[in-house]
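What follows is a set of notes on a single structure, which appears directly below.
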Amino acid sequence: MSHSVNMREIAKLTGVSVATVSKSLANKRDISPKTRERVLAACEQLGYKANPLVAALMRSRRLHSTPASQLTLAYVTAFPTADGWRRHPAPIFRQMFAGAEARAHERNYRLEHHWLFREGMSNRRFSQVLEARGIHGILFAPLLDADISIELNWPAFSVVVLGLTPSTQQFHRVATDYYQSMLLVMEKCRQLGYRRPGLAARLQTVKRLEYRWEAAHRLAQQTLGLATKLKPLIVDEWSGQDVGRWLDEQKPDVVIGPVLGRLEELVATSGKRIPDDLGLIGLLVPRAGDRLTGILQDGEIIGATAVDQLISQIERNETGIPAHPITHTMLGRWNPGRTVKAV
């Protein structure tokens, strides 16, 4: 198949504009079926390099069936259970899916959830299932396990990853700017009068985010005149004993971390009153106006942006591991909340 044929040649043969050719190939809704069929026929005649959308529509045409109005994108999760991402205390996972699903619908695509470990299948078998279903675009949900290894048949797919995970850093990613978010938190702590802000997080989370929270926390301690000898609490798993000992020994005046769920419960049972005795700042605040003070990650926008990136790759027929992976980051926003002391 020739790679020299371009949209201008397709437009000339069919008597339409280049924009119409582009919209036909992207399956836009404002192009009539008759025009789209004429453009696809010209693509086949001239040997235009087909992307998965063209191939799917042409396949339907040859089978004398109604062309599919949508292509399916796979939203792949790798939680321990199929619905783990739906039940997680942090709503960011569900928000990302909602934003991605809405944007996919706007672009005339369908987003379908697939669990990586379904029926214990291997990565190879998982790839085969997606290929058999005609799915060429994968949107990976954030991976909780920083050490997980995933080896799909990458040349068959266009891939975008949500969040940061070392094992998928070779792909294009869309994530919160975790480093900027922590710097913003530390500056807010200084403005609120806190001088001993302490970071608490699980080791897997710190590793998954490529140590960006911890790095920004250490830098801000030094540059903002805050306590530099206060050690962060980094644990394998949360326990009341570890949290209590850390609070007693390090004496933070505000705790910063992914506090929703277990960590917040342990801080609350330590006997500290929030925010009178101890401030609490979340790095995953559910929504604007929430009672929890901290960082808003705007999961819906992150999900929508990731789908735009994925569809662009599909329409350019870019598959496999990119030579120059790009990470798109979105700035975290401050939610005042009610879990820190008033100025």
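Per numbering that gives the first Met the number 0, the sequence shown starts with residue 0, numbered consecutively.
Glycine included, every Cβ here is placed at the ideal spot set by N, Cα and C.
Values in this document were obtained by computation on a predicted structure and should not be read as measured data.
- For Pro88, no beta strand (DSSP E) run applies, since DSSP gives it neither H nor E.
- Put simply, the backbone Cα of Arg102 is about 27 Å away from that of Leu259.
- Taking all protein chains shown into account, Pro285 has 16 or more neighbouring C-beta atoms within 10 Å of its C-beta and is therefore buried.
- According to the DSSP assignment, Leu282 belongs to the beta strand (DSSP E) that extends over 278 to 284.
- Judged by their CB atoms, Leu283 and Gln296 are nearer to each other than the 9 Å cut-off.
- Nearest in C-alpha terms to Val128, of all of Ala267, Met6, Ala155, Gln169, is Ala155.
- Looking at Thr292, Ser16, Asp176, the one whose alpha-carbon comes closest to that of Ala214 is Asp176.
- Val15 is not a Cβ neighbour of Gly46, given a cutoff of 9 Å.
- The continuous beta strand (DSSP E) containing Arg172 extends over residues 171 to 175.
- In the DSSP assignment, Ala77 forms no beta bridge with any residue.
- For Val159, the enclosing beta strand (DSSP E) has its first and last residue at 157 to 161.
- Beta-bridge partners assigned by DSSP to Gly197: Val254.
- For Met329, the pairing in a beta bridge is given by DSSP as Thr175.
- The residues Arg194, Arg195, Gln220, in chain order, have a CB closer than 7 Å to that of Ala226 in the same chain once the five nearest residues on each side in sequence are set aside.
- In terms of Cβ geometry, Phe170 and Ile320 form a close pair [threshold 9 Å].
- Cβ contact annotation for Leu277 (same chain, cutoff 6 Å, sequence separation greater than five): Lys271, in chain order.
- Residue nearest to Ile301 within the set Val159, Thr338, His112 is Val159 (criterion: CA-CA distance).
- Assigned with DSSP and collapsed to three states, Asn122 falls in helix.
- Gln44 counts as exposed, since fewer than 16 other C-beta atoms from the protein chains shown sit within 10 angstroms of its C-beta.
- Of the candidates Arg261, Val266, Ala305, the residue whose Cα lies closest to the Cα of Trp245 is Val266.
- Contact between the segment 93 to 110 and the segment 321 to 328 is absent, with fewer than three C-beta pairs closer than 8 Å.
- Here the alpha carbon of Gly162 sits roughly 43 Å from the alpha carbon of Lys11.
- In the DSSP assignment, Thr292 falls within the unbroken beta strand (DSSP E) covering 292 to 295.
- Excluding five sequence positions before and after Gly119, none of the CB atoms of its chain fall closer than 8 Å to its own CB.
- Between Ile255 and Gly293, the C-beta spacing is below 9 Å.
- It is roughly 7 Å from the alpha-carbon of Ile147 to the alpha-carbon of Ser166.
- Leu110 is positioned such that its CB atom lies closer than 9 Å to that of Ala99.
- Between the alpha carbons of Tyr178 and Ala25 lies a distance of about 36 Å.
- In the three-state scheme derived from DSSP, where H, G and I count as helix and E and B as strand, Leu229 is classed as coil.
- Going by DSSP, Arg109 is part of no alpha helix (DSSP H) but of the beta strand (DSSP E) stretching over 108 to 114.
- Short of 6 Å from the beta carbon of Val306, and not among the five residues preceding or following it, lie these beta carbons of its own chain, in chain order: Ala99, Arg102, Ala103.
- A Cβ-Cβ contact shorter than 9 Å links Thr19 with Ile30.
- With respect to the C-alpha of Ala89, the residue from Ile134, Ser121, Gly281 having the closest C-alpha is Gly281.
- For Leu138, the enclosing beta strand (DSSP E) starts and ends at 136 to 139.
- With a threshold of 16 other beta carbon atoms within 10 Å, Leu198 meets it and is buried.
- Distance from the CA atom of Gly288 to the CA atom of Ile9, rounded to whole angstroms, is 52 Å.
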